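Chemist:
In my numbering, the protein residues as written are 761 to 918.
1) Please report how far the alpha carbon of residue 822 lies from the alpha carbon of residue 794, in whole angstroms.
2) Alpha carbon to alpha carbon, how far is residue 831 from residue 810? Give it in angstroms, no decimals.
3) Under the rule that 16 or more other beta-carbon atoms within 10 Å means buried, what is residue 893, buried or exposed?
4) Check whether the stretch 869-885 touches the stretch 806-820, counting contact only when three or more Cβ pairs, one atom from each stretch, lie closer than 8 Å.
5) Within the present structure, is the beta-carbon of residue 830 separated from the nearest heavy atom of the ligand FMN by less than 8 Å?
6) Report yes or no: do three or more beta-carbon pairs, one from the stretch 899-914 and one from the stretch 797-810, lie closer than 8 Å?
7) For residue 891 and residue 779, I'd like the C-alpha separation in whole angstroms.
8) Find out if the Cβ-Cβ distance for the pair residue 806, residue 844 is shorter than 9 Å.
9) So who's on the other strand from residue 716, going by DSSP bridges?
10) Between which two residues does the alpha helix (DSSP H) holding residue 781 run?
11) What residues in its chain sit with their C-beta under 6 Å from that of residue 895, if we drop five residues either side in the sequence?
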């Protein structure tokens with residue numbers, strides 16, 4: 761019995777080719793990410809720290825809280841001197857006692873860079889800043905802040 765010479769029968773092999781090519785396209789995209797530029801480095805006690813957002817997207821919901829992903833790069837100071845570190849976005853830093861209650865906003869990573877899911881509001885306002893709170897092993901509390909850049913605020917504010 762002969763197959764019908766329909767449009768589908770003549771072109772279905774193109775779908776197979778697409779299925780074979782798409783994984784390589786997505787692999788290439790995942791191996792060549794593009795990040796926004798790092799923010800200016802600041803001296804925070806013995807540490808020199810430069811935060812970098814992983815993207816310019818708004819905060820996303822994660823375990824009933826909104827968070828924004830950042831990488832903190834240490835140019836000076838030893839990461840092992842940090843007992844605990846937290847990052848939040850808002851008009852003021854959250855108290856360390858409040859930060860210790862949850863599992864968001866905690867610095868984690870290696871000596872090459874610390875990753876953090878910064879606690880954030882659902883939408884940023886012009887008064888919000890990125891706040892970093894670090895406690896050293898000697899019990900010293902260090903706090904620093906960075907202004908949110910305009911390109912991060914443009915996508916979120918109306």
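Even glycine gets a Cβ: it sits at the ideal position worked out from N, Cα and C.
Values in this document were obtained by computation on a predicted structure and should not be read as measured data.
Modeler: Let me spell this out:
1) Those two C-alpha atoms are separated by around 23 Å.
2) If I take the Cα positions, the gap works out to 8 Å.
3) buried
4) With a cut-off of 8 Å, the stretch 806-820 and the stretch 869-885 count as touching, because enough Cβ pairs lie within range.
5) The model depicted lacks the ligand FMN and carries no ligand whatsoever.
6) yes
7) Residue 891 and residue 779 have their C-alpha atoms roughly 45 Å apart.
8) no
9) Nothing about residue 716 can be reported from this structure: the residues present for the chain run from 761 to 918 only.
10) 767-791
11) Closer than 6 Å at Cβ, skipping near neighbours: 843, 844 and 901.
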